[in-house]
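Going by mature numbering (1 follows the signal peptide of the UniProt record, and there is no 0), the letters in the sequence shown line up with residues -23 to -1, 1 to 124, in that order. Okay, structure first, notes after.
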Amino acid sequence: MTSRKLHFTIICGLVAVLSTCWCRSIVTDPTGTEDVTAESDAHEKALQHIQEMRHHSCSSPVPKLIQVKSVYPSASKRYRPHCVLLHRCDNDAGCCNSDRKECGPLTTETVQLYFRVKDPFVGRKEKVMKMSFTNHTSCHCADSLHR
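Following this line, the structure appears as structure tokens:
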């Protein structure tokens, strides 16, 4: 067998193996779930998990770094700092007791923060700007708009 034929045979074999594995991964259940209802402690473990999630309910906002440009979009302006630390109520802030509800802000406040802003199209000089942002101050579970 020539060297080229050998390489071709090896490559075809690898393609066959990889495509078989890939096809098998499509057919099998990718969720990683398993029915363990019959196990003696399964119900107790599920109840413990439910109780643990109650300790992480949607109640307090969590600090998050937000890009200034996501609030004040500009193709040319440069903000320093370019991020702001705000408190947010979202699904990272807590878990609601139903997948039909989402964690969201109950109350908010406006905060004023100072930034150095440079816009090269307006001039070379950097300005100090006071900019308004919304801070979430308390959270609650509300009906999901996405369902």
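For glycine and all other residues, C-beta sits at the position ideal for the given N, C-alpha and C. Keep in mind it's a predicted model, so treat the numbers as computed, not measured.
Between residue i and the rest of its own chain, which residues show a CB-CB distance below 7 Å, the 5 nearest in sequence each way excluded?
i	result
aspartate 120	Arg77 and Lys78
valine 39	His64, Arg65, Asp69 and Ala70
aspartate 113	Here the sequence assigns histidine to residue 113, which means aspartate is not the residue at that position. These residues qualify, in order along the chain: Pro38, His64, Arg65, Cys66, Pro82 and Thr85.
leucine 90	Val61, Met108 and Phe110
valine 88	Phe110 and Asn112
Among the options, which residue has its Cα nearest to the Cα of residue i?
i	options	result
serine 47	Ser34, Ser37, Cys116 and Val61	Val61
glycine 100	Ser53, Ala19 and Leu24	Ser53
leucine 122	Phe110, Met108, Cys80 and His59	Cys80
phenylalanine 98	Ser51, Val13 and His59	Ser51
residue 188	Ser34, Arg57 and Cys35	Absent from the model: residue 188. The displayed extent of the chain is -23 to 124, so no value can be given.
What would DSSP say about residue i, mapped onto helix, strand or coil?
i	result
cysteine -3	The predicted position of cysteine -3 is uncertain, since its pLDDT is 47 and thus under 50; a value taken from the coordinates is nonetheless stated next. Cysteine -3 falls in the helix class under three-state DSSP.
cysteine 116	strand
glutamate 86	strand
arginine 31	helix
lysine 107	strand
lysine 22	helix
leucine 122	coil
lysine 102	coil
valine 94	strand
Roughly how many angstroms separate the alpha carbons of residue i and residue j, rounded to a whole number?
i	j	result
cysteine 118	proline 82	9 Å
cysteine 73	serine 17	28 Å
arginine 93	serine 37	31 Å
threonine 8	cysteine 116	31 Å
glutamine 25	serine 75	17 Å
histidine 59	lysine 41	14 Å
alanine 19	valine 13	6 Å
glutamate 21	methionine 30	14 Å
alanine 15	tyrosine 49	55 Å
histidine 33	isoleucine 27	10 Å
What residues in its chain sit with their C-beta under 6 Å from that of residue i, if we drop five residues either side in the sequence?
i	result
lysine 95	Arg55 and Glu103
isoleucine 43	Val61 and Leu63
methionine 106	Phe92 and Val94
TODO: With a floor of 3 residues, list each beta strand (DSSP E) that falls wholly inside the segment 37 to 80, ordered by position along the chain.
DONE: 39 to 44, 55 to 57 and 60 to 65
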